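Sequential numbering of the sequence shown, starting at 1, is according to the UniProt record's numbering. Note that the Cβ used here is the ideal one computed from N, Cα and C, for glycine as well. Quantities reported herein were computed from a predicted structural model and do not represent experimental measurements. Here is the structure we will look at.
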Amino acid sequence: MKNKRILYVSSEVIPYLPETEIASMSFEVPQMVNSKGGQIRIFMPRYGNINERRHQLHEVIRLSGMNLVINDFDMPLIIKVASIPKERIQVYFIDNEEYFKRKATFTDEEGKLFADNDERAIFFAKGVVETVKKLNWAPDIIHVHGWLASLLPLYLKQYYASEPLFKQSKIVTSVYNTGYEGALNEQMIDKIAFDGIDKEAISELEKPSYDNLMKVAIKNSDAAIIGSSDLREELTAYLNATKIPVLSYKKKEEFAQAYEEFYTTKVLD
1 MKNKRILYVS SEVIPYLPET EIASMSFEVP QMVNSKGGQI RIFMPRYGNI
51 NERRHQLHEV IRLSGMNLVI NDFDMPLIIK VASIPKERIQ VYFIDNEEYF
101 KRKATFTDEE GKLFADNDER AIFFAKGVVE TVKKLNWAPD IIHVHGWLAS
151 LLPLYLKQYY ASEPLFKQSK IVTSVYNTGY EGALNEQMID KIAFDGIDKE
201 AISELEKPSY DNLMKVAIKN SDAAIIGSSD LREELTAYLN ATKIPVLSYK
251 KKEEFAQAYE EFYTTKVLD
């Protein structure tokens, strides 16, 4: 992995959010690559329940300041950065007052999904790409974790298809059993289509359930990794039918060699 550039994009990462399967692997995998001489960058949303003072987040003025158009509205993009203590790993945070100021991640106090989670996912995907473009940092691999990050493969393959910076980048999506019940905003497909993405390419999002959202991510990825031991049957069947390389589930104590091998022999090959 020496000198390989890997961009990790996740909906949650420890130590900034409580430990979950996704948050843990979104830290453990970059740490492993970093220890082997790889160049890594991590991106996640700057939710309002992240303590900026404790984690020493600060705004990067040269990267902030642009507006992203979401469903015909201009939404300001703010970029913050922090370093994971003792790891020499930088984490970039995608922020916007409208989408990420609230003191919660995906649901309100009653456990109901936020009505604008669809727009938050679109904003996050576009925000990551626009920031990486400003950094002029061409990744060899882009590894996606978590459903709020799952529109990134679609936007890279469709909306940013002609962007030269990502011409050689390979996209890997980790598929977890950590999703949501019900569906996101039913107008999600129209909001994505507003960006010029053909509705036929996202027909699954006529019903934006967790399974359908992940199917769109897998369909636009170059490889996939099963991140949970008990993956939902519908997603297991979809992964079994796909033609892209798929790495089976690996426990935390055995993932390192398997992921490195998968990156080098299946993804970059």
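Practice task
Kindly identify the DSSP beta-bridge partner or partners of lysine 170.
Solution key: The sequence position of residue 170 within the sequence shown is 170, counting from 1. Ile141, per the DSSP bridge assignment.
Practice task
Express the C-alpha separation of glycine 227 and asparagine 177 in angstroms, rounding to a whole number.
Solution key: Taking the sequence shown and counting its residues from 1, one reaches residue 177 at position 177. Taking the sequence shown and counting its residues from 1, one reaches residue 227 at position 227. Cα to Cα, asparagine 177 sits roughly 8 Å from glycine 227.
Problem - Completely contained alpha helix (DSSP H) runs for the segment 35 to 87, where each covers 4 or more residues - result: 52 to 55
Practice task
Would you please verify whether the beta carbon of phenylalanine 166 is less than 7 Å from any beta carbon of chain C?
Solution key: Of the protein chains in the structure, only one exists, and it is not chain C.
Handout entry: Simplified DSSP state of valine 33, which is helix, strand or coil
Key = Sequence index remark: in the sequence shown, residue 33 carries index 33 (1-based). Valine 33: helix per DSSP, three-state reduction.
Handout entry: tyrosine 92, enclosing beta strand (DSSP E) - first and last residue
Key = As a first step, residue 92 is located in the sequence shown; it is residue number 92 there, counting from the start. Element bounds for tyrosine 92: 89 to 95.
Problem - Best match in Arg46, Met188, Leu151 and Lys219 for proximity to tyrosine 99 [C-alpha to C-alpha] - result: Numbered from 1 along the sequence shown, position 99 holds the residue referred to as residue 99. Nearest option by C-alpha distance: Arg46.
Handout entry: glutamate 111 burial status per 10 Å Cβ neighbour count (16 or more: buried)
Key = The sequence position of residue 111 within the sequence shown is 111, counting from 1. Before going on, a small fix: residue 111 reads as glycine here, not glutamate. Exposed is the call here.
Problem - Status (buried if at least 16 other CB within 10 Å, exposed otherwise) for glycine 65 - result: Within the sequence shown, residue 65 is the residue found at index 65, counting from 1. Exposed, since its Cβ has fewer than 16 Cβ neighbours within 10 Å.
Practice task
Within its chain, find whatever has a CB closer than 7 Å to the CB of lysine 215; leave out the 5 residues flanking it on each side and keep chain order.
Solution key: On the sequence shown, position 215 is the one that residue 215 refers to. Cβ within range, chain order: Glu204 and Tyr238.
Practice task
Identify whether isoleucine 13 lies in helix, strand or coil by the three-state DSSP scheme.
Solution key: Taking the sequence shown and counting its residues from 1, one reaches residue 13 at position 13. What sits at residue 13 in the sequence shown is valine, not isoleucine. DSSP places valine 13 in coil when its eight states are reduced to three.
Practice task
Write down every uninterrupted run of the beta strand (DSSP E) in the segment 195 to 266 whose length is 3 residues or greater and which is fully enclosed by it, in chain order.
Solution key: 223 to 226
Handout entry: Pair within 7 Å by beta-carbon distance, isoleucine 40 and proline 30
Key = Locating residue 40 in the sequence shown gives position 40, counting from the first residue. Locating residue 30 in the sequence shown gives position 30, counting from the first residue. Contact: yes.
Handout entry: arginine 120 in three-state terms, based on DSSP
Key = What you label residue 120 is simply residue 120 of the sequence shown in a count that begins at 1. Of the three classes helix, strand and coil, the one that applies to arginine 120 here is helix, per DSSP.
Problem - Where valine 149 falls, given that 16 or more other Cβ within 10 Å makes a residue buried - result: Position 149 of the sequence shown, counting from 1, holds the residue named residue 149. Note that residue 149 is alanine in the sequence shown, not valine. It counts as buried.
Problem - Neighbour-count burial assignment, arginine 88, 16 or more Cβ in a 10 Å radius - result: Stepping through the sequence shown from its first residue, residue 88 is reached at position 88. Classification for arginine 88: exposed.
Practice task
Using a threshold of 7 Å, state whether the C-beta atoms of threonine 173 and alanine 201 are closer than that.
Solution key: Position 173 of the sequence shown, counted from the first residue, corresponds to residue 173. Position 201 of the sequence shown, counted from the first residue, corresponds to residue 201. No.
Exercise for the section: Between the Cα of glutamate 261 and those of Glu253, Leu247 and Lys251, spot the shortest distance and give me the residue it belongs to. Expected result: Here residue 261 is taken as the residue at index 261 of the sequence shown, counted from 1. Glutamate 261 has its Cα closest to that of Leu247, out of Glu253, Leu247 and Lys251.
Handout entry: glycine 127 burial status per 10 Å Cβ neighbour count (16 or more: buried)
Key = As a working mapping, residue 127 is identified with position 127 in the sequence shown. With 16 or more Cβ atoms within 10 Å of its Cβ, glycine 127 is classed as buried.
Exercise for the section: Compute the distance between the beta-carbons of asparagine 220 and leucine 268, then report whether it is under 7 Å. Expected result: As a working mapping, residue 220 is identified with position 220 in the sequence shown. As a working mapping, residue 268 is identified with position 268 in the sequence shown. Not a contact, by the Cβ cut-off of 7 Å.
Handout entry: Same chain, Cβ closer than 6 Å to alanine 121, neighbours up to 5 away in sequence not counted
Key = Counting from one through the sequence shown, the residue named residue 121 turns up at place 121. Closer than 6 Å at the Cβ level, and outside the excluded window around alanine 121, lie Leu148 and Leu151.
Problem - Through-space distance from aspartate 118 to methionine 188, alpha-carbon basis - result: Residue mapping note: residue 188 aligns to position 188 of the sequence shown, counting from 1. Residue mapping note: residue 118 aligns to position 118 of the sequence shown, counting from 1. Answer to the nearest angstrom: the Cα atoms are 6 Å apart.
Handout entry: Segment limits, alpha helix (DSSP H) that includes alanine 161
Key = For the purposes of this step, residue 161 is identified with residue 161 of the sequence shown, where counting begins at 1. From DSSP, alanine 161 is part of no alpha helix (DSSP H); its letter is neither H nor E.
Problem - Boundaries (first-last residue) of the alpha helix (DSSP H) holding proline 153 - result: Within the sequence shown, numbered from 1, the residue matching residue 153 stands at position 153. Residues 152 to 157.
Handout entry: Environment of aspartate 95 [buried if 16+ CB atoms lie within 10 Å]
Key = Start at 1 with the first residue of the sequence shown, and residue 95 comes out as number 95. The residue in question, aspartate 95, is buried, as its Cβ has 16 or more Cβ neighbours within 10 Å.
Handout entry: For tyrosine 8, the residue or residues it bridges with in DSSP
Key = The sequence position of residue 8 within the sequence shown is 8, counting from 1. Paired residues: Ile42 and His143.
Handout entry: Identified DSSP bridge partners for leucine 268
Key = Along the sequence shown, one-based indexing puts residue 268 at 268. DSSP output for leucine 268 lists no bridge partner at all.
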